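Notes follow once the structure below has been shown.
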Amino acid sequence: MTESGTVLITGPTRNLGRYAALAMADRPAGQRPDLVLVGRAGPDLTAVADEARARGARVHEIGCDLASLAEVRAAAVAVRDLLDAGTVRPLRALVANAGLSSADTRRASADGYELTFAVNHLAHAQLIGDLLGSFTAPARIVLVGSNTYHANFWRRLLQVPEAQWADPVELARPATGARVPGTTASGIAYSNAKLAILYYAHELQRRAGAGVAVSVFEPGWMPGTALGRGAPAALQAVGRFLGRLPGVSTPQRSGPLLAALALDDRWGHLRDGAFVVKTAVTEVQPVARDRDREQRLWEATTELLDRAAAAH
Ligand SMILES: NC(=O)c1ccc[n+]([C@@H]2O[C@H](COP(=O)([O-])OP(=O)(O)OC[C@H]3O[C@@H](n4cnc5c(N)ncnc54)[C@H](OP(=O)(O)O)[C@@H]3O)[C@@H](O)[C@H]2O)c1
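Per my numbering, residue 79 is the first one in the sequence shown, and the count goes up by one each step.
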C-alpha cells in the first residue's frame, strides 16, 4: 500500500531506526517508498541517507533535535513543504522510532521537560499532531513502545523497573535535588514514557480519523544499543555482550520487522494501537488500557506543547 508513498521515520541514525530505514530502501523498485529521515543533523544522518540512496531510494533528510519542540515544529513545516511542492510522494506512514533513556531524570529538554518523556512522547506527539492533516489515506502511524511498562520475571531479575504512572504534567517535570546513587528513577521514567506511548496510541486512533491506522511496535530486547548510553560503562559492556548471544533480538533483525509494519499488506488491518511484539500481535496488560488516563494524557500533552510554543 505504501509503494506509491512516503514514509517518515524518526531516529534513523543508528540501530533499530537505521535498519528499518535501510530495509525500506532495500524494497524492490515499485515497492520502495520515498523516505523522509528525521534525526539529529550530522554525519550519522548523512551516512544513513547516503546508504539508503545507494540502494535506490529517494531520500530527504531533516535535521531535528527532538529534545527541542521548536525544532520539531520546524521539521513538521519542512515535511509539509516537501509534500505541498510534490517533492516527495504522498505521506503514507510515520514511524516514531527515536527514543532514549536518560540516565539522570534531572535532565531537561530545551523546553524544560524531563528528557526521556520529552523525546519519547512529547516530540512525537508534536510531530504527529502537526502532520495529522497531511497524510493520504490509507496511512499508518507506527509508534515504538516497550514491554518494560510492566514487570515480569526477567525484568525483575535484571532490575528493570515497571511504570509508576502519575499525572503527565508531573511526568514531564525534571527531578530536583541530588541524584540518589543506584536510583531506579531513570528506568521508571523510561517505562512511564513507554506506557504513555500506549495510552497515546489508543487516544490517537480515536481522534485520527478512519484513514489513519495506529499501531505500536515492540522490537524485543536489543541489549547493547545506544539506548542506555548514559548508563555506567560496565553495564553498557554487559549489554554489548548480551547483544551477541544467539536468540537475543538485534536491530539488524528487528529493523526489517518495523519496516514491515509500515509497509506490508500483511499489517494493513492493524489499528487502535495494536501492540506488535516483533511479529506477534499481543494484548497489552490491563494497566495499558485506561480511558481516563488516555484522555488526561491527551489534554496534558496539548497543554505542555502549547505552553512550550507560547514560551518560544
Ligand atoms: N534497545 C531495546 O532493547 C529496545 C526495546 C524496546 C523498545 N526500544 C525502542 O526502540 C527505539 C529505538 O531504540 P534503539 O535501541 O535503536 O536505541 P538507540 O540505539 O539509542 O537509537 C535511538 C535513536 O533515537 C535517536 N534520538 C535519541 N534522542 C534524540 C533526539 N534528541 N533527537 C533526535 N533523535 C534522537 C538517536 O539519534 P542519535 O543517533 O542522534 O543519538 C537514534 O537514532 C526506541 O524508541 C526504544 O525505546 C528499544
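Heads up, the beta-carbon is just placed ideally off N, CA and C, and yes, glycines get one too. All values derive from a computational prediction rather than experimental measurement.
Exercise for review: Can you tell me which of A389, R385 and T379 puts its alpha carbon nearest to the alpha carbon of H199?
Suggested key: In the sequence shown, residue 199 corresponds to position 121, counting from 1. Ranking the options by Cα distance to H199, first place goes to T379.
Check your understanding: Run through DSSP, which three-state label would D143 get?
Key -> Residue mapping note: residue 143 aligns to position 65 of the sequence shown, counting from 1. Per DSSP, reduced to three states, the secondary structure at D143 is coil, with no helix or strand assignment.
Exercise for review: Helix, strand or coil for A176, going by three-state DSSP, please let me know.
Suggested key: In the sequence shown, residue 176 corresponds to position 98, counting from 1. DSSP places A176 in coil when its eight states are reduced to three.
**Study point:** Endpoints, the beta strand (DSSP E) within which G117 is located
**Key:** Sequence index remark: in the sequence shown, residue 117 carries index 39 (1-based). D112 to G117 is the span of the beta strand (DSSP E), which, as asked, contains G117.
Point to revise | First through last residue of the alpha helix (DSSP H) which encompasses P329 | key: As a working mapping, residue 329 is identified with position 251 in the sequence shown. P329 to L341 is the span of the alpha helix (DSSP H), which, as asked, contains P329.
**Study point:** Three-state secondary structure (DSSP) of T88
**Key:** The residue labelled residue 88 in the question sits at position 10 within the sequence shown. The three-state reading of DSSP puts T88 in strand, counting E and B together.
Check your understanding: When the Cα atoms are used, what is the spatial distance from T84 to A145?
Key -> Counting from one through the sequence shown, the residue named residue 84 turns up at place 6. Counting from one through the sequence shown, the residue named residue 145 turns up at place 67. Those two C-alpha atoms are separated by around 24 Å.
Practice item. Provide the residue span of the beta strand (DSSP E) that contains V72, from first to last. Key: As shown, the chain starts at 79 and ends at 390. That puts residue 72 outside it, with no answer to give.
Exercise for review: Mind checking who R218 pairs with in its DSSP beta bridge?
Suggested key: Taking the first residue of the sequence shown as 1, we reach residue 218 at position 140. Note: R218 sits in a beta bridge opposite A171 and A291.
Check your understanding: Terminal residues of the continuous alpha helix (DSSP H) containing V126?
Key -> Here residue 126 refers to the residue found at position 48 of the sequence shown. Per DSSP, V126 belongs to the alpha helix (DSSP H) from P121 to A132.
**Study point:** Alpha-carbon to alpha-carbon, I275 and M79
**Key:** In the sequence shown, residue 79 corresponds to position 1, counting from 1. In the sequence shown, residue 275 corresponds to position 197, counting from 1. Confidence in M79 is poor, its pLDDT being 46 and thus under 50, which makes the residue's placement unreliable; the coordinate value appears in the next sentence. Near 25 Å, if we compare the C-alpha coordinates of I275 and M79.
Check your understanding: Considering only residues of the same chain and omitting the five flanking positions on each side of S82, which have a CB-CB separation below 8 Å?
Key -> Position 4 of the sequence shown, counting from 1, holds the residue named residue 82. R167, P168 and R170, listed in sequence order.
Check your understanding: How many Å lie between Y97 and D343 at the Cα?
Key -> Walking along the sequence shown from the start, residue 97 turns up at place 19. Walking along the sequence shown from the start, residue 343 turns up at place 265. Their Cα atoms are separated by approximately 20 Å.
**Study point:** Buried versus exposed call for T194 [16 or more other C-beta atoms within 10 Å across all chains shown]
**Key:** Counting from 1 along the sequence shown, the entry for residue 194 is found at position 116. Label assigned to T194: buried.
**Study point:** CA-to-CA distance, G108 to L323, given in whole angstroms
**Key:** Residue numbering aside, residue 323 sits at position 245 when the sequence shown is read from its first letter. Residue numbering aside, residue 108 sits at position 30 when the sequence shown is read from its first letter. Looking at the two C-alpha atoms, the distance is approximately 37 Å.
Point to revise | For E166, three-class secondary structure by DSSP | key: Counted from its first residue, the sequence shown places residue 166 at position 88. According to the sequence displayed, residue 166 carries Val and not Glu. Reduced to three states, the DSSP call for V166 is coil.
Practice item. Answer yes or no: the CB of N93 versus the heavy atoms of ligand 1, is any distance below 7 Å? Key: The count along the sequence shown starts at 1 and reaches residue 93 at position 15. Indeed, a heavy atom of ligand 1 lies less than 7 Å from the Cβ.
**Study point:** Cβ-Cβ separation, L339 to F295 (assumed contact under 8 Å), whole Å
**Key:** Numbered from its first residue, the sequence shown carries residue 295 at position 217. Numbered from its first residue, the sequence shown carries residue 339 at position 261. Yes, they are in contact, since the Cβ atoms of F295 and L339 sit about 5 Å apart, within 8 Å.
Exercise for review: State the DSSP-derived secondary structure class of V238, mapped to helix, strand or coil.
Suggested key: By one-based count along the sequence shown, residue 238 stands at place 160. Residue state, collapsed to three classes: coil.
Exercise for review: Could you round the C-beta distance between P90 and A103 to whole angstroms and report it? I think they count as a contact, below 8 Å.
Suggested key: As a working mapping, residue 90 is identified with position 12 in the sequence shown. As a working mapping, residue 103 is identified with position 25 in the sequence shown. With 8 Å as the limit, P90 and A103 do not qualify as a contact, their Cβ atoms being about 10 Å apart.
Check your understanding: Per DSSP, T360 is paired with what?
Key -> Here residue 360 refers to the residue found at position 282 of the sequence shown. Answer is F353.
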